[in-house]
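Residue numbers (my numbering): 225 to 964. Heads up: the structure comes next, in structure tokens.
Structural data, given as structure tokens:
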């Protein structure tokens, strides 16, 4: 049996070996380049921060890889190939144990076949060829190890049974099984189903009387609760977002379950016929239980589950394979919603049970009757699967080749075009990227992605001047706009150079509407235009938003934004006195000086001067608001919040008080309270467009999309062409059309 395991491991290494030098894919960049937690062996960083803090053992393996290989791709691929080879060998051992206990005539040949299927099946390739999906291999290795140790503790091994093991040895083996289970969960959260797989193995492979079974069932239940508790502790510790959430994209639970009713039968089909595999979901999202696909899928699942439960009484191999599949897939295809509602890599562990069942049944049919079809299947199926895997591996040779392969298989989807354009742009091939980006916009379906594509086009035009040396004449500007309708930044620069500030302002706002995040050039350009036209308040507001929305730009650009914001703030007048009770000129002069002093950071002088201001009659919110601003800058958040609330209580409402209090609450992590403040501002008739925008954003982040859309649209009734309100409404409309 050991030689069979080594042979299968060698086949796995040979099959995946050609991919040892393939470059990183797009998701791998996030796991490695943009994950500082793995750039050192500091255990606190590795275990509690980073891109995948809920999988600390996976991050540890990546950190060790980085320690020895840095960003040389070969080291990461070689580790993945070695893990896959070791995993295939473990599958041979597990299969041999299952076949021996179920009384198959031959053990080595079916175990060898099961290991080959697990090594060469195309559904395994994503976990091996991509770096970030190593968690599947690690978790599966520890899960199989836990099963083998548990069965050994019950006297079951590959060669023979050991019914009279010493108690101390059994205790150590059970402890080792539990430790492997913990390591599996720390590798990937879906391993919490391991106790149920142990129960399945115990039922099939361990012969014990009733009382012993009931006692072990209680132990398994405690084991399961412990692993689930460990996973929830990890989620709580890293403040992990709800798994259904992707920014604005929150999948309704009922729609997720309806989709999974069709996804699970599709998974079974892909295991039997692994053709045209894709990184994208191969099942459309279902938003009703009454559609024909969820109904048919539910019927198939119920029929197979009933079939497996009936045959399980006879300890059938097919029942073992199906029950293994349903248990292992339950974490990603049940009431526990995952961000990606379908992914081929989710089949890495569920496929093992069916591989073992198929190999055992084929060899059982072939040996006693010398069935030619069975022998042909035993030979041809692994060969065909290996050929499909080799072809799929070749498609992964470069990111561009992968996305072109995705486009060939799914030409109607937006995302492959978007990903290819993004990759070409990252390689500096801007002219090649633009046609794919426009094709992504034109593709039907996946409307939520269209907003991301427009962002991609803006990124392209940041690094590409479509004028190409042509003068900024009206004719050339019109020609560029016809050729490149998203070229807002270069158009804005062109209009500003020609002195057409209104057109420049419009183009800068259009650029921000397309790409709100990390677009500092547009914010700086717009603030400069507003400064030239004397709209200092607007310049400060847009620049402050640019500072908040540009967290990932280089430090030099961040400094430019900060210094420009400080300079404009010091020059800007006292905010928003319009609509407030008229103040005496001497009071306005003192309050303006207080504003200037606090903007320069001289909080003590500002507070002293503010104390000298005689409270006006009727009461004005402005002095109270200024006191809150000074207290907030001094670090007295509670006192500042009280001052802002006092300013809010006066009529007519003072918009800066609402905005500052909401921002203060957001800094403290109180999103719900901040939303209530902004909603109160809207209810009291505050017309500030940024209040509408921030309120809609908070509602969208909480998953209340219809309410967020109504807020954006309400703001657009007052501010008809505000770019942020238009962008927010467009993004939510696309989401609602796709998922509701």
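Think of the CB as a built atom: it goes at the ideal place given N, C-alpha and C, for glycine as much as any other residue. It should be emphasised that the depicted structure is a prediction, and the values quoted were computed from it without experimental measurement.
Quiz item: From 892, 921, 878, 926, pick the residue whose C-alpha is nearest to that of residue 907; which is it?
Solution: For the residues 892, 921, 878, 926, the minimum Cα distance to residue 907 belongs to 878.
Self-check item: residue 385 (DSSP reduced to helix, strand or coil)
Solution: strand
Quiz item: To which residues does DSSP link residue 380 through a beta bridge?
Solution: 385
Exercise. Could you name the residues of the same chain whose beta carbon sits closer than 6 Å to that of residue 339, not counting the 5 residues immediately before and after it, in chain order?
Key: 232, 312, 315, 316
Quiz item: Rounded to the nearest angstrom, how far is the Cβ of residue 893 from that of residue 916, given a contact under 8 Å?
Solution: The distance from the Cβ of residue 893 to that of residue 916 is about 23 Å, inconsistent with a contact at the 8 Å cut-off.
Quiz item: Just checking my contact of residue 355 with residue 255 at CB under 8 Å: how many whole Å lie between their CB atoms?
Solution: 6 Å
Practice problem: On a CA-only basis, which of 346, 750, 614, 285 is nearest residue 243? Give me that one, please. | Solution: 614
Quiz item: What's the call for residue 635, buried or exposed, on a 16-neighbour Cβ count within 10 Å?
Solution: The Cβ neighbour count for residue 635, taken over all protein chains shown within 10 Å, is under 16; the residue is labelled exposed.
Self-check item: Nonlocal neighbours in the same chain, by C-beta distance under 8 Å from residue 303, ignoring five residues either side
Solution: 285, 289, 358
Quiz item: Quick one: what's got a C-beta closer than 7 Å to residue 943's C-beta in the same chain, skipping five residues either side?
Solution: 913, 949
Quiz item: Between which two residues does the alpha helix (DSSP H) carrying residue 633 extend?
Solution: 623-633
Quiz item: Expressed to the nearest angstrom, what Euclidean distance is found between the alpha-carbon atoms of residue 730 and residue 567?
Solution: In this model, residue 730 and residue 567 are separated by some 42 Å (Cα to Cα).
Quiz item: The alpha helix (DSSP H) with residue 521 in it runs from where to where?
Solution: 516-536
Practice problem: Can you say whether residue 238 is buried or exposed, counting buried as having 16 or more other CB atoms within 10 angstroms of its CB? | Solution: exposed
Exercise. Please report how far the alpha carbon of residue 501 lies from the alpha carbon of residue 931, in whole angstroms.
Key: 38 Å
Self-check item: Cβ shell of residue 291 (< 7 Å), same chain only, five flanking positions each side left out
Solution: 265
Quiz prompt | Simplified DSSP assignment, three categories, for residue 248 | solution = The three-state reading of DSSP puts residue 248 in coil, since its state is none of H, G, I, E or B.
Self-check item: Own chain, CB closer than 7 Å to residue 857, minus 5 neighbours either side, in chain order
Solution: 822, 827
Quiz item: What separation, rounded to the nearest whole angstrom, lies between the Cα atoms of residue 425 and residue 372?
Solution: 10 Å
Practice problem: Decide yes or no for the touch test of the region 258-275 against the region 390-399: beta carbon pairs closer than 8 Å, at least 3 of them. | Solution: Segments in contact, no.
Quiz item: How should residue 258 be labelled, buried or exposed, when 16 other C-beta atoms within 10 angstroms of its C-beta is the threshold for buried?
Solution: That one is exposed.
Exercise. Report back the beta-carbon spacing between residue 583 and residue 341 to the nearest angstrom; my notes put them in contact at under 8 Å.
Key: 6 Å
Practice problem: Return the first residue and the last residue of the alpha helix (DSSP H) that residue 301 is part of. | Solution: Segment 297-325, the alpha helix (DSSP H) holding residue 301.
Practice problem: Could you spell out the range, first to last residue, of the alpha helix (DSSP H) harbouring residue 765? | Solution: 760-772
Quiz item: If residue 898 and residue 922 are in contact, beta carbons under 8 Å, what's the gap, nearest whole angstrom?
Solution: The distance from the Cβ of residue 898 to that of residue 922 is about 6 Å, consistent with a contact at the 8 Å cut-off.
Self-check item: Neighbour-count burial assignment, residue 618, 16 or more Cβ in a 10 Å radius
Solution: exposed
Practice problem: Please say whether residue 343 and residue 236 have beta carbons closer to each other than 7 Å? | Solution: Going by C-beta atoms, residue 236 is nearer than 7 Å to residue 343.
Quiz item: Which residue from 575, 324, 896, 548 puts its Cα closest to that of residue 345?
Solution: Answer by Cα proximity: 575.
Quiz item: Between residue 289 and the ligand NAP, is the CB less than 6 Å from at least one heavy atom?
Solution: With respect to the ligand NAP, the structure shown offers nothing to examine, as it has no ligands at all.
Practice problem: Tell me, to the nearest whole angstrom, how far the beta carbon of residue 337 is from that of residue 607; I am working on the premise that it is less than 8 Å. | Solution: The Cβ separation is near 12 Å, so there is no contact.
Quiz prompt | Cut-off 6 Å between Cβ atoms - residues of its own chain near residue 777, not counting five sequence neighbours on either side | solution = The answer, listed in chain order, is 742, 744.
Self-check item: Beta carbon of residue 829 nearer than 7 Å to that of residue 848
Solution: no
Self-check item: CA nearest to the CA of residue 351, picked from 245, 543, 240, 271
Solution: When only C-alpha atoms are compared, the closest one is 240.
Exercise. Compare the beta carbon distance of residue 792 and residue 757 with 7 Å and say whether it is the shorter of the two.
Key: no
Practice problem: Say whether the region 400-420 touches the region 319-327, bearing in mind that this needs 3 or more beta-carbon pairs closer than 8 Å, one atom from each stretch. | Solution: no
Exercise. Consult DSSP for residue 859 and reduce its assignment to one of helix, strand or coil.
Key: coil
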